[in-house]
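Below is one structure, written out as structure tokens; comments come after it.
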Amino acid sequence: MSKFFSTYKIIFYLINIILIIFYLYPGSLLGWIIYGNKSIQPQITPNFIISSNHFYVFMLISIIGFLTFANSKINILLILYLIFLSIMLEIFHLLIPERTFQWSDLFGNLLGVIVVILLNNFINKYGGFKK
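Heads up: the sequence shown runs through residues 1 to 131, numbered per our numbering.
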């Protein structure tokens, strides 16, 4: 799987572009596509303390990022990029009409990234996958 993503880095870049478009669209682009109403936000699972949708999305993009650059020396840049992206996209909600900044969304973004970073470090340290 890692070889697939590292060969086709364009997948990671396209997913980033799609995420940014969905995040910066005024209103819910998924709500508009699914329900025909951009004021309705589809919910995968109920929120607890953090936004579950944001957690899942940033976990997914982080996993794909680490699989894409698994054999690369730029892991620290990837980590910084993912954390920066998770913070900046939520801060932009202060400026976008029909979007609101929410701490639970920001913490969901960050937790999704941090969980994958910790899992990646655990796998690298204890050799979860043999080469």
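From the three backbone atoms N, C-alpha and C, an ideal C-beta is built for every residue, glycine too.
Roughly how many angstroms separate the alpha carbons of residue i and residue j, rounded to a whole number?
i: residue 56; j: residue 79; result: 17 Å
i: residue 28; j: residue 42; result: 8 Å
i: residue 31; j: residue 93; result: 17 Å
i: residue 108; j: residue 58; result: 8 Å
i: residue 99; j: residue 73; result: 37 Å
i: residue 123; j: residue 117; result: 10 Å
i: residue 76; j: residue 125; result: 16 Å
i: residue 25; j: residue 119; result: 31 Å
Output yes or no for whether 8 Å exceeds the beta carbon distance between residue i and residue j.
i: residue 44; j: residue 104; result: no
i: residue 12; j: residue 65; result: yes
With a 10 Å radius around its C-beta and 16 neighbouring C-beta atoms as the bar for buried, classify residue i as buried or exposed.
i: residue 23; result: buried
i: residue 90; result: buried
i: residue 95; result: exposed
Can you tell me which of the options puts its alpha carbon nearest to the alpha carbon of residue i?
i: residue 15; options: 35, 61, 40, 70; result: 61
i: residue 113; options: 97, 86, 102, 101; result: 86
i: residue 115; options: 82, 126, 95; result: 82
i: residue 39; options: 97, 110, 111, 127; result: 97
If I'm right that residue i touches residue j with Cβ under 8 Å, what's the distance once you round it to whole angstroms?
i: residue 6; j: residue 71; result: 6 Å
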